[in-house]
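Q: Read top to bottom, the protein sequences are chains A and B.
Position one of the first sequence corresponds to residue 1 (the numbering used here), numbered consecutively onward.
Position one of the second sequence corresponds to residue 340 (the numbering used here), numbered consecutively onward.
For glycine and all other residues, C-beta sits at the position ideal for the given N, C-alpha and C.
Predicted model, so just to flag it, every value in this text is computed and none were measured.
There are 2 protein chains.
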Amino acid sequence: MRGVILSKPGVVQVEDRPDPVIIEPTDAIIKIAATCVCGSDLWPYRGDDPADRIPMGHEYVGTVTAIGAAVTSVAVGDFVVGSFFASDNTCEICQAGYQSRCVHAQVMGEIGTQAEYARIPLADGTLVATPGAPDADLIPSLLAASDVLGTGWFAAVAAESGPGKTVAVVGDGAVGLLGVLAAKQLGARRIIAMSRHADRQKLALEFGATDIVEERGDDGVTKIKELTGGLGAHSVIEAVGTQESMMQAIRSTRPGGHVGYVGVSHDVDLPGLELFFSGIHLHGGPAPVRRFLPELIDLIWNRTIDPGKVFDLTLPLEQAADAYAAMDQRRATKALLTV
Amino acid sequence: MRGVILSKPGVVQVEDRPDPVIIEPTDAIIKIAATCVCGSDLWPYRGDDPADRIPMGHEYVGTVTAIGAAVTSVAVGDFVVGSFFASDNTCEICQAGYQSRCVHAQVMGEIGTQAEYARIPLADGTLVATPGAPDADLIPSLLAASDVLGTGWFAAVAAESGPGKTVAVVGDGAVGLLGVLAAKQLGARRIIAMSRHADRQKLALEFGATDIVEERGDDGVTKIKELTGGLGAHSVIEAVGTQESMMQAIRSTRPGGHVGYVGVSHDVDLPGLELFFSGIHLHGGPAPVRRFLPELIDLIWNRTIDPGKVFDLTLPLEQAADAYAAMDQRRATKALLTV
């Protein structure tokens, strides 16, 4: 099969790779219908994380082509959505809703789903079948559920977005934008998107943002305070992962408020004393997307939400290098790869 | 009146200080019945925080002797308990339960309640009257409610202690011990006190601890994991405020679990990436004791709880220096000063 390999920082190649096979009786093999490039794929692409001939990709939707002997919840022919962590969905941690930290968790990024096929470990716990074969126009949204929507949704939940709440969103990438969508669905009264890009502002407003703040850092914090009677937002979604974005999120939150942070931390150190006196709640990490998949698939299937709008570039798998370059250069928010 | 002044690190003096008077119509004056020395008073005492002729003390119970024209909820003669932050209890932050971050918050430590009298700002929002004049044996427990009990209680709530939960407690000072009591009251199934002092272990067991762990740091974390099927505790109370204690708390918590931290941070920097992948909830800060006072007074008044047991040294105000020295040298867990 064909699959994406990052040879070294900046060099994306589509190569012949071995067809995946069932290894464990709990495995499934899926023929991937669509995959995409994640903001976090840019860390190794830019050399900020190690990159030495690594398979790429952890987002996927597709059709089951084979199952191991122990698999019971999905069948060959099912169209499925899965998370970027494989999980058994039965251990105590999974049952508490933290499937990304399942005691048997496996990282899909190590398998690499920017490819024609993928082996999905712990298929029963990882995959959720759609009610039937999806209309083609639903595929981008279902693919979004696999990571960016699930992650934005988790951030909104972690930030305790809900009725009556003012939610600020730090980061206008796909996850931040879908955090806006999630906050809207969760009933937030006011949603402040922090963005200085006209196209992303437009999408944020479409997804439910009520206010746009262009300022960043301390100026951004000042602006959020101005918009919230000096108190700060009840809920802040952090979807970047830098020191600046984390401090912007923490400082934009009122005492007793909640920060939901999902940007993968890079060189972040949180000052204990400031955090202490902030009085905020801090929760985040790798999103337990599996927790939300049934609900998200339902909302997509019923066409209540259209998270697939975050994809503003669609290319065939063979042009993966162009997709990476476009996202790296911010010519695209999120690139979908058709397979 | 007589009152405690920290002249410089290590030098506690009881001096003549001006009698407090009503300044704002929202003030009350109380005649202090009992006050005490806080673990946090040891920071300036040890020179870890600035100390240059500062009034000391922020814990207090006593009898109202005068009220300002605007005070309506307490009357002269009432026996009252207050928090170490004065708060209006009406602003949006107070109403959300974060009175320690009230928009009009005033720090009682700047007034100094290790004294015969104290001015209490925002009396209506700060003070809670007991149902009547307390029996003498209830005074230590009511005094504990003013800070250490309220703080331990907040930590237990912030850590989401509750039925079915395993709660670990880092720190065996008065706050940690009362965190054990709080976790017990909140219905925790298992309470692991981390302590290596026999007398404190004994009190922890009396307050409801089911297990004692003597190991600290990574060894302590390993022990907590062993006791919790490899997962970590659901809830961890942090009541120290150092880098080691914070990391011990975070690492002892299972993914999706909760850390409630109330030790005032000193030279703490939390590593972003480790925190991210921990998947825990982190909440804490200066406890909004006022939120819990009515409930705590009730539990004490009905003799359901006896938090006053944390006081293992009682001295008259004039011997405040001895009280500080005893706590500094760990000869006492918590020293009460009679006035």
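1) For the segment 408 to 441 of chain B, which residues have a CB atom closer than 8 angstroms to at least one CB atom of chain A, in sequence order?
2) Can a CB atom of chain B be found closer than 7 angstroms to the CB of His283 (chain A)?
3) Of the choices B:Ile478, B:Ala578 and B:Arg593, whose alpha-carbon is the least far from that of Lys504 (chain B)?
4) Answer yes or no: do Gly595 (chain B) and Ala96 (chain A) have a C-beta to C-beta separation smaller than 7 angstroms?
5) Identify every run of the alpha helix (DSSP H) within the segment 373 to 453 of chain B, keeping only runs that are complete inside it and at least 4 residues long; order them along the chain.
6) Any contact of the segment 178 to 189 of chain A with the segment 215 to 233 of chain A, i.e. 3+ C-beta pairs under 8 angstroms?
7) Can you tell me which of A:Ser7, A:Val14 and A:Leu178 puts its alpha carbon nearest to the alpha carbon of Leu337 (chain A)?
8) Take every Cβ of the segment 37 to 45 of chain A, pair it with every Cβ of the segment 321 to 338 of chain A, and state whether three or more of those distances are shorter than 8 angstroms.
9) Quick one: what's got a C-beta closer than 6 angstroms to Ile54 (chain A)'s C-beta in the same chain, skipping five residues either side?
10) Got a sec? Which residues, its chain only, sit under 8 angstroms from Leu517 (chain B) by beta carbon, not counting five neighbours each side?
11) By Cβ distance below 7 angstroms, which residues in the same chain neighbour Arg539 (chain B) in space, the five residues on each side in sequence not counted?
12) Listing by chain order, which chain B residues have their CB less than 8 angstroms from the CB of Pro50 (chain A)?
13) Buried or exposed: which applies to Thr465 (chain B), given that a residue is buried once 16 or more other Cβ atoms fall within 10 Å of its Cβ?
14) Since Met533 (chain B) sits in a beta bridge, which residues does DSSP pair it with?
15) Anything in chain B within Cβ reach of Met246 (chain A), meaning under 7 angstroms, just list it in chain order.
16) With DSSP as the reference, label Gln352 (chain B) as helix, strand or coil.
17) Count the other C-beta atoms from every protein chain shown that fall within 10 angstroms of the C-beta of Asn641 (chain B), then say buried if there are 16 or more, exposed otherwise.
18) In chain B, which residues lie with their C-beta within 8 angstroms of the C-beta of Asp269 (chain A)?
19) Here's the rule: buried if 16 or more other CB atoms are within 10 angstroms of the residue's CB, otherwise exposed. What is Pro389 (chain B)?
20) Measuring CB atoms only, is the segment 596 to 603 of chain B touching the segment 422 to 434 of chain B, in the sense that at least three cross pairs come out at less than 8 angstroms?
21) Can you check which of these residues, B:Glu363, B:Leu461, B:Ile450 and B:Asp417, is closest to Gln438 (chain B) by C-alpha distance?
22) Which word fits Gly602 (chain B), buried or exposed, when buried means at least 16 other C-beta atoms lie within 10 angstroms of its C-beta?
23) For the alpha helix (DSSP H) that Ala484 (chain B) lies in, which residues bound it at each end?
24) Once the 5 residues before and after Gly132 (chain A) are set aside, which same chain residues still bring their CB inside 8 angstroms of it?
25) Counting only beta-carbon atoms, is Gly595 (chain B) nearer than 7 angstroms to chain A?
26) Among residues of its own chain, excluding the 5 on either side of Ser73 (chain A), which ones have a beta-carbon nearer than 6 angstroms to its beta-carbon?
27) Taking C-beta pairs closer than 9 angstroms, name the residues in chain A that Ser604 (chain B) reaches, listed in chain order.
28) Could I get the ranges of all uninterrupted alpha helix (DSSP H) runs contained in the segment 580 to 663 of chain B, with 4 residues as the minimum, in chain order?
29) Using only alpha-carbon positions, find the residue among B:Gly580, B:Val508 and B:Ala373 that is nearest to Phe277 (chain A).
30) For Ala320 (chain A), I'd like the list of residues in its chain whose CB is within less than 7 angstroms of its CB, leaving aside the five on either flank, ordered along the chain.
31) Can you grab the Cα-Cα spacing for the pair Gly396 (chain B) / Phe423 (chain B), in whole Å?
32) Tell me the DSSP secondary structure of Ala159 (chain A) in three-state form.
33) So is Thr304 (chain A) buried or exposed if we call it buried at 16+ other beta carbons inside 10 Å?
34) Would you list the residues sitting across from Lys347 (chain B) in a DSSP beta bridge?
35) Taking the CB atoms as reference points, tell me whether Gly407 (chain B) and Pro357 (chain B) lie closer together than 7 angstroms.
A: Straight from the coordinates:
1) Glu431, Ile432, Ala435, Gly436, Tyr437, Ser439 and Arg440
2) Locating residue 283 (chain A) in the first sequence gives position 283, where the first residue counts as 1. Yes, contact with chain B.
3) Counted from its first residue, the second sequence places residue 504 (chain B) at position 165. Closest option to Lys504 (chain B), Cα to Cα, is B:Arg593.
4) Translated into the one-based positions of the second sequence, residue 595 (chain B) becomes position 256. Translated into the one-based positions of the first sequence, residue 96 (chain A) becomes position 96. Yes. Within cutoff.
5) 381 to 384, 431 to 434 and 447 to 450
6) no
7) Stepping through the first sequence from its first residue, residue 337 (chain A) is reached at position 337. Looking at the Cα atoms, A:Val14 is the closest of the given residues.
8) yes
9) Within the first sequence, residue 54 (chain A) is the residue found at index 54, counting from 1. Closer than 6 angstroms at Cβ, skipping near neighbours: Leu6.
10) Walking along the second sequence from the start, residue 517 (chain B) turns up at place 178. So the qualifying residues of the chain are Ala483, Val487, Leu488, Thr490, Gly491, Trp492, Phe546, Pro646 and Val649.
11) The residue given as residue 539 (chain B) occupies position 200 in the second sequence. Counting only Cβ-Cβ distances below 7 angstroms, and skipping sequence neighbours, we find Asp511, Leu516 and Thr672.
12) Along the first sequence, read from residue 1 onward, the residue named residue 50 (chain A) stands at position 50. Result: empty, since nearest Cβ-Cβ is about 14 angstroms, beyond 8 angstroms.
13) Position 126 of the second sequence, counted from the start, is the residue given in the question as residue 465 (chain B). Looking at its Cβ environment, which holds 16 or more other Cβ atoms inside 10 Å, Thr465 (chain B) is buried.
14) In the second sequence, the residue the question calls residue 533 (chain B) occupies position 194. Per DSSP, B:Val509 and B:Val552.
15) Here residue 246 (chain A) is taken as the residue at index 246 of the first sequence, counted from 1. Those are Gly611, listed as they occur along chain B.
16) Residue 352 (chain B) sits at position 13 when you count from the first residue of the second sequence. Strand.
17) Mapped onto the second sequence, residue 641 (chain B) falls at position 302. Exposed, because fewer than 16 other Cβ atoms sit within 10 Å of the Cβ of Asn641 (chain B).
18) Working through the first sequence from its first residue, we reach residue 269 (chain A) at position 269. Per Cβ cutoff of 8 angstroms: Asp608, Leu609, Pro610 and Gly611.
19) The residue given as residue 389 (chain B) occupies position 50 in the second sequence. Exposed, since its Cβ has fewer than 16 Cβ neighbours within 10 Å.
20) no
21) The residue given as residue 438 (chain B) occupies position 99 in the second sequence. Cα-wise, what sits closest to Gln438 (chain B) is B:Leu461.
22) Position 263 of the second sequence holds residue 602 (chain B). Buried, because 16 or more other Cβ atoms sit within 10 Å of the Cβ of Gly602 (chain B).
23) Counted from its first residue, the second sequence places residue 484 (chain B) at position 145. Run containing Ala484 (chain B): Ile478 to Ala484, per the alpha helix (DSSP H) assignment.
24) Numbered from 1 along the first sequence, position 132 holds the residue referred to as residue 132 (chain A). Excluding positions up to five away in sequence, the list reads Phe79.
25) By one-based count along the second sequence, residue 595 (chain B) stands at place 256. So yes, Gly595 (chain B) belongs to the interface.
26) Within the first sequence, the letter at position 73 stands for residue 73 (chain A). The residues are Asp124.
27) Reading the second sequence from its first residue, position 265 is the one you call residue 604 (chain B). Per Cβ cutoff of 9 angstroms: Pro271, Gly272, Leu273, Glu274, Leu275, Phe276 and Phe277.
28) 582 to 590, 611 to 617 and 628 to 640
29) The count along the first sequence starts at 1 and reaches residue 277 (chain A) at position 277. Here the closest residue by C-alpha is B:Gly580.
30) Looking up residue 320 (chain A) in the first sequence gives position 320. The answer, listed in chain order, is Val4, Val12, Val14, Gln114 and Leu337.
31) Locating residue 396 (chain B) in the second sequence gives position 57, where the first residue counts as 1. Locating residue 423 (chain B) in the second sequence gives position 84, where the first residue counts as 1. If you take the alpha carbons of Gly396 (chain B) and Phe423 (chain B), they lie about 9 angstroms apart.
32) As a working mapping, residue 159 (chain A) is identified with position 159 in the first sequence. It is coil, neither helix nor strand.
33) The sequence position of residue 304 (chain A) within the first sequence is 304, counting from 1. Under this definition Thr304 (chain A) is an exposed residue.
34) Locating residue 347 (chain B) in the second sequence gives position 8, where the first residue counts as 1. BP columns for Lys347 (chain B) point to B:Val350.
35) Mapped onto the second sequence, residue 407 (chain B) falls at position 68. Mapped onto the second sequence, residue 357 (chain B) falls at position 18. No, the Cβ-Cβ distance between Gly407 (chain B) and Pro357 (chain B) is not below 7 angstroms.
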